[in-house]
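Here's the structure, in structure tokens; my notes come after.
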Amino acid sequence: MQLLRLAGLAAVLVVSLLFAVFVGDQGPWYFAWVIGTIMIILISGAGAILLDAQQDGKIGSSSDQEV
Amino acid sequence: MELYALLKLIWAALLCVLLIGLGLMVGMDMGVGTLLRFVGRNDGERRTALNIIGPHWDGNQVWFILGGGAIFAAFPTLYATSFSVFYVVMILLLFSMILRPVAFEYRSKADSHLWRASWDWVFLVSGFLPMFIYGAAFGNILHGVGYHFGWTGQYYQDSSFFSYLLNPFAILCGLMSVALSVYQGGVMLMLRAENPIHDRARRYALRGGLTAAVLFIIGGFFITRMQGFVFTAPVDPAMPASPMHGQHVAMVAGGWLHNYAAHPVLWLLPLLGLASMVGGTLAARMNKVILAWWIGLGSWIGTIGTVAAAMFPFFMPSTTTPDQSLTIWNSSASAYGLTCMLVVALIFVPIILCYTSWCYYVMRGKVHTADIVNDSHSY
Amino acid sequence: MDMINPTVVDLSRFQFALTALYHFMFVPLTLGLTFMLAAMETVYVVTGRKIYKDMVLFWGKLFGINFALGVATGITMEFEFGTNWSMYSRFFGDMFGTPLAIEGLMAFFMESTFVGLMFFGWDRLSKQAHLAVTYLVALGSNLSALWILIANAGMNVPHGAHFDPDTMRLQFDSFVKLIFSPDAQAKFVHTSVAGYVSAALLVMGVSAFYLLRGQHRQFAARSFRMAALFGIISTVAVITLGDVLGREDYMEQPTKIAAIEGLWHTSKPPYEPWILAALPDDAKQENHFEIGVPFVLTPLITHDFNTPIRGMHELEDAAAPRIESGIAAVSALRRYQETHQQADLDAFKAHEADLGFGFLATRHAPNQDVTAIPADALQSVVEQTKPDILPNVFVTFWSFRIMVFLALYFFALFAISAYLSLKNKLERNKLILKACMWSIPLPILATEFGWITAEAGRQPWTVFNTLPTFLSASTHSTSYMVFSLAGFALLYSIFIAAELYLMFKFARLGPEAHDAPHSDDAYAAHCAVVGTPHASGH
């Protein structure tokens with residue numbers, strides 16, 4: 001079972017590598033879109049988690065802290 | 001047979017499948033729309049009816065979009081000519097089709113009685129009218145349409161749109177299509193709703209099924225006496241797809257029966273249609289709802305199949321310049337285009353079938369009025 | 001040959017522009033909001049904090065209102081090629097129809113099926129499965145845009161098709177050339193990220209509205225932060241891709257780039273200024289006044305310092321021999337249609353590349369018949385046709401500038417907002433919050449003007465250098481057009497009124513409307529109950 005999962009992950013990895021090579025070659029802007037969109041989502045998500053952390057860090061400091 | 005001719009045939013068959021899927025799935029939603037004001041006596045009941053098709057109407061509507069897209073890609077000349085020739089009717093169809101998504105999304109988002117009552121009327125119009133036009137379009141192309149092409153390939157219209165609207169056979173076909181949609185919509189409501197909606201829906205489903213059967217028989221008699229279209233010289237199915245030359249066509253009374261005379265096995269198609277309409281009505285009467293739903297598919301296969309078998313290989317014959325009639329052979333895309341589309345379809349249709357059925361699986365079960373009214377996300 | 005009715009052509013163009021621009025008010029928001037919802041839900045699944053689910057639900061509701069109109073008005077577009085542009089659809093449908101059909105199969109089906117699950121499946125799916133559904137909706141809507149823009153790129157740069165005299169249309173011959181054309185790629189990414197910008201500004205603006213009123217502060221602060229970061233990166237991307245598209249136009253559509261830059265005469269590098277503002281006069285073919293920044297134009301468009309860019313007068317002169325050759329092509333083609341003789345085919349093949357320019361001369365030929373121009377009238381027909389190769393310069397020039405100035409403004413706004421949000425200094429800067437709120441409609445304006453730049457700049461062609469717009473339209477009577485236009489005007493006005501009413505209603509109600517009420521205190525209480533470390537602090 002573990003081995004199967006590992007093989008599955010490896011397959012996904014190979015497919016995405018092939019995809020990256022092919023699309024990066026034929027369609028650099030399409031590739032940029034895929035990477036860029038993922039990046040935008042991750043960064044904006046990280047921003048929100050950072051806000052949680054910023055507020056958690058200020059526990060008890062003030063009751064109407066700035067957001 | 002040459003590959004190009006085979007590709008044209010495959011796409012004509014796929015177009016039939018799409019038209020059947022469209023009739024069944026979109027027709028079902030439209031039927032619920034038509035019935036909305038009759039099966040639902042108060043707001044809660046109407047919302048229940050709407051939410052029964054709520055998670056699926058959007059996906060079903062894609063049958064319609066896909067039908068348009070497939071005609072455009074596989075038979076561009078047919079798309080270009082038929083949509084323009086039927087301009088006024090097509091625009092009416094379009095207006096009712098664009099009202100529907102808005103009605104679904106907006107109806108229950110505000111509380112005013114007037115707001116909701118207005119959208120309920122929109123459901124009636126946008127359920128009835130498209131199905132009527134869908135059927136009437138078949139009636140009109142069976143009759144033949146007045147148009148011809150100039151040397152550049154531009155079409156020119158030879159008759160007014162009134163002749164397409166005020167045509168008894170087209171009206172009959174339109175009403176039959178509405179009846180089938182009411183049947184299917186009613187059965188769907190029976191499947192998912194509880195009383196009192198269930199019983200009311202059953203009443204309308206029974207009426208819809210019987211009406212469709214009667215109109216189907218009357219329509220059959222019309223067709224036997226109608227001017228059909230036949231080739232007067234052999235045609236090369238692999239010809240370059242241009243309506244401007246290469247065909248010789250004549251109008252012959254009873255011409256639409258020639259294919260049936262040549263291949264008597266085709267009579268199974270109208271038989272299937274009629275048997276399904278009657279059988280489905282009986283199944284609904286005996287409350288075998290799931291069976292009745294699937295028999296509805298048989299009615300659509302039978303109906304569209306009957307028309308296709310009669311007209312083959314004509315798509316939209318021209319009454320004023322029969323030689324330029326659009327057929328499977330002269331209105332298709334190029335061999336390259338058809339091949340590309342076929343490959344894409346072979347990849348994506350199975351995927352679509354998988355996730356659509358998964359969606360139905362996830363959303364299965366009865367829809368309860370109380371849950372709908374308390375959930376602000378529902379339609 | 002039947003005469004072209006210019007009124008019907010103009011009304012058809014007007015109707016298409018009206019319905020396309022209307023459709024395009026909703027599409028960018030859909031493209032962006034779906035991915036923003038996916039981002040919010042990702043955070044919800046990762047952190048498990050309910051406030052992020054509230055965000056998905058609330059912004060999802062605004063998305064739903066918008067999505068319905070996007071779908072509805074999209075149906076119009078699919079119909080209109082057939083109902084109003086019959087000749088175009090027959091002539092170009094072999095190639096153009098393919099991406100449209102694939103859009104249905106691959107993208108629209110996915111988007112529409114899963115959008116139902118996204119709204120209704122919360123209780124029936126696991127968190128992860130629902131997140132996957134949300135991503136599929138986002139991917140589906142953007143793939144939709146991909147195929148539509150591939151089709152549109154085909155109109156602008158028709159690579160992957162050739163004219164076939166036997167079927168009298170462009171025959172599709174290369175799928176790879178079609179989908180991987182640089183124009184299609186740049187157009188898609190540019191449009192998709194423009195949608196991200198629109199959605200980010202909507203979320204940011206509505207959040208700013210709550211922050212200004214001191215309502216739903218936790219909710220608004222998180223939404224604002226995510227939107228600001230989403231927006232700033234997207235704006236950078238949209239500007240980058242805009243530059244790429246400009247270079248594409250420079251290489252493939254010289255008339256479009258010359259009109260965009262108001263460049264009547266071939267540029268003199270490196271000094272040539274980039275015109276900030278001017279009053280282009282299409283009739284006199286000159287600019288009435290110009291304010292420009294020297295040394296900018298050449299590197300901006302060519303990415304080097306010494307390549308001249310061809311001006312509109314020079315492009316007109318270069319078109320004259322093509323028009324003459326095109327007239328010969330059309331004449332030979334017509335003879336071939338009647339005779340099917342090899343000799344006529346050869347005559348056509350010799351001039352094939354200029355066929356479109358021959359069609360373009362139709363309006364100036366005696367009796368609108370290009371095949372029967374007397375020899376002594378030929379030069380005057382060519383001279384009259386020459387200016388027709390240019391788009392409307394005033395419209396192209398200014399729509400481009402409005403789009404660019406707005407993009408620069410968004411860049412500044414997102415940069416400041418993202419900075420203030422990261423520093424937690426937002427609520428002190430009421431001015432920025434107000435600017436965010438009032439800027440909500442501006443991205444719609446920018447995307448619409450971008451669309452006008454691209455499409456008005458393509459004129460006078462529907463298929464660039466191949467099929468003129470005035471030949472593409474269906475041969476309807478004026479009364480048909482009046483009927484459909486009146487219907488669209490009525491329906492679309494009702495739609496926009498209903499949409500705005502609902503949008504304002506739900507934005508005012510705020511995130512609490514759909515759930516048990518939870519103000520910031522209630523949110524803290526809720527956190528206390530579920531035991532997240534967030535419990536105290538307010």
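Chains as they are written, first to last, in UniProt numbering: chain A, 1 to 67; chain B, 1 to 379; chain C, 1 to 538. Quick reminder that beta carbons are idealized off the backbone N, C-alpha and C, glycines included.
Three-way DSSP call (helix, strand, coil) for residue i in this model
| i | result |
| --- | --- |
| S334/B | coil |
| H198/B | helix |
| E272/C | coil |
| T327/B | strand |
| N306/C | coil |
| R225/B | helix |
| A308/B | helix |
| M286/B | coil |
| M363/B | coil |
| P280/C | strand |
| P468/C | strand |
| H148/B | strand |
| M251/B | strand |
| F410/C | helix |
| Q2/A | helix |
| M316/B | strand |
| D10/C | helix |
From the options, residue whose alpha carbon lies closest to that of residue i
| i | options | result |
| --- | --- | --- |
| M403/C | A194/C, L345/C and Y52/C | A194/C |
| S84/B | G33/B, F161/B, S299/B and T320/B | F161/B |
| M55/C | L33/C, L69/C, R213/C and S112/C | L33/C |
| I91/B | S89/C, F81/C and M95/C | F81/C |
| L406/C | G450/C, S380/C, K256/C and S181/C | G450/C |
| R46/B | L166/B, I197/B, G135/B and S181/B | I197/B |
| F138/B | P168/B, L114/B and V182/B | P168/B |
| S89/C | L3/B, F348/B, S126/B and I71/B | I71/B |
| V349/B | F119/C, T47/C and E103/C | E103/C |
| F149/B | Q342/C, S474/C and Y44/C | S474/C |
| G246/C | Q218/C, K187/C and P294/C | K187/C |
| S44/A | L378/C, F230/C, D243/C and N152/C | F230/C |
| P269/C | I257/C, M110/C, T447/C and P294/C | P294/C |
Residue span of the alpha helix (DSSP H) that contains residue i, given as start and end
| i | result |
| --- | --- |
| Y250/C | R217 to E252 |
| Q55/A | P28 to G57 |
| I291/C | Where I291/C is concerned, there is no enclosing alpha helix (DSSP H), although the beta strand (DSSP E) it sits in stretches over E286 to V293. |
| T81/B | P76 to V85 |
| W11/B | L3 to G21 |
Own chain partners of residue i with C-beta closer than 6 Å, once the 5 adjacent residues on each side are dropped
| i | result |
| --- | --- |
| V393/C | A259, P280 and D282 |
| R200/B | V39 |
| T303/B | G273 |
Same chain, Cβ closer than 7 Å to residue i, neighbours up to 5 away in sequence not counted
| i | result |
| --- | --- |
| I432/C | I416, S417 and L420 |
| V187/B | A205, A284, V289, A292, W293 and G296 |
| D43/B | R116 |
| P517/C | Unreliable positioning characterises P517/C in this predicted model, as indicated by a pLDDT of 38, which lies under 50. The coordinate reading is nonetheless provided below. So the list is empty, once near-sequence residues are dropped. |
| F229/B | G144, V249, M251, G255, F314, P317, P322 and S325 |
| L13/A | none |
| Y22/C | T73 and Y492 |
Bounding residues of the beta strand (DSSP E) (the contiguous stretch that carries residue i)
| i | result |
| --- | --- |
| M155/C | Run containing M155/C: none in the beta strand (DSSP E); it sits in the alpha helix (DSSP H), K127 to N156. |
| H340/C | Neither: H340/C is in no beta strand (DSSP E) and is coded neither H nor E. |
| V463/C | W461 to V463 |
| L170/C | R169 to F172 |
| H245/B | Where H245/B is concerned, there is no enclosing beta strand (DSSP E), given that its DSSP letter is neither H nor E. |
Same chain only: Cβ atoms within 8 Å of residue i, ignoring 5 sequence neighbours per side
| i | result |
| --- | --- |
| W438/C | G205 |
Cβ of residue i within 8 Å of any chain D Cβ
| i | result |
| --- | --- |
| W11/B | Going by chain labels, chain D is absent from the structure shown, which instead holds the protein chains A, B and C. |
Contact set between the stretch 20 to 46 of chain C and chain A, restricted to residues whose Cβ is under 7 Å from the partner: F35, A38, A39, T42 and V43
Near-chain C residues of the stretch 105 to 121 of chain B - C-beta to any C-beta below 8 Å: E105, Y106, K109 and A110
Near-chain C residues of the stretch 4 to 16 of chain A (beta-carbon distance less than 8 Å), N- to C-terminal order: none
Residues in the stretch 340 to 366 of chain B having any Cβ partner in chain C nearer than 8 Å: C340, M341, V344, A345, F348, V349, I352, Y355, T356, C359, V362 and M363
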